[in-house]
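Data block below; observations after.
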């Protein structure tokens, strides 16, 4: 035979763990003890469950890897961008580009000839994602937002079916 029957030894005691509930656990503990079963009590909730660590979330303007929309207050034109840096940092760069009339800046190129101001106070963060996701989201939001412009590449033609469903 492969297995031998083993008689339980007297030195081995059984053990049970019960959650502690005041007024309930005490009577329940007596029953297993009558049958030589050791009982341990544990709390229902741990200190970690009682006091979870709070998650630090930076202010929206300090978040990185976002897609943002910057409107103009006096026209329907808007800029959609996807800075990898914090939006606060990119906003300062846009302001500097406008002051210096930077030729490579879409915002400065629109603001200078038309003598328009940019409404950075109403700028909004519209999405968030990693590098590739941000690039796709930037192109997507540029396609679905009227009068939006940015420096992104247009989405491939396969996405056109999605745009027809959105606009119908």
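Residue numbers (the working numbering): 202 to 369. From the three backbone atoms N, C-alpha and C, an ideal C-beta is built for every residue, glycine too.
Please state the DSSP three-state secondary structure of residue 361. Mapped onto the chain shown, residue 361 falls at position 160. Residue 361: helix per DSSP, three-state reduction.
According to DSSP, what are the bridge partners of residue 239? Numbered from 1 along the chain shown, position 38 holds the residue referred to as residue 239. Paired residue(s): 216.
Would you tell me roughly how many angstroms separate the C-alpha atoms of residue 283 and residue 243, rounded to the nearest one? The residue you call residue 283 lines up with position 82 of the chain shown. The residue you call residue 243 lines up with position 42 of the chain shown. In this model, residue 283 and residue 243 are separated by some 51 Å (Cα to Cα).
Is it true that the stretch 256–272 meets the stretch 323–331, where meeting means three or more beta-carbon pairs spaced less than 8 Å apart? Taking a contact to require three or more Cβ pairs closer than 8 Å, the stretch 256–272 and the stretch 323–331 qualify as touching.
Is residue 287 helix, strand or coil by DSSP? Translated into the one-based positions of the chain shown, residue 287 becomes position 86. Coil.
Tell me, which residues are paired with residue 325 by DSSP? Start at 1 with the first residue of the chain shown, and residue 325 comes out as number 124. Answer is 270, bridged to residue 325.
Looking only at DSSP bridge pairs, what is residue 349 linked to? Counting from one through the chain shown, the residue named residue 349 turns up at place 148. DSSP output for residue 349 lists 279 as bridge partner(s).
Going by beta carbon distance, what residues of the same chain come within less than 8 Å of residue 238, once the five residues before and after it are set aside? Locating residue 238 in the chain shown gives position 37, counting from the first residue. Scanning its chain for C-beta atoms nearer than 8 Å, with the 5 sequence neighbours on each side dropped, one finds around residue 238 the residues 214, 215, 216, 217, in chain order.
Nearest to residue 335 by CA position, among 241, 221, 296, 266, is which residue? Position 134 of the chain shown, counted from the start, is the residue given in the question as residue 335. Checked all of 241, 221, 296, 266; the closest Cα to residue 335 is 266.
At least 3 beta-carbon pairs within less than 8 Å: the stretch 256–266 vs the stretch 281–300: Flag = yes, the stretch 256–266 and the stretch 281–300 touch.
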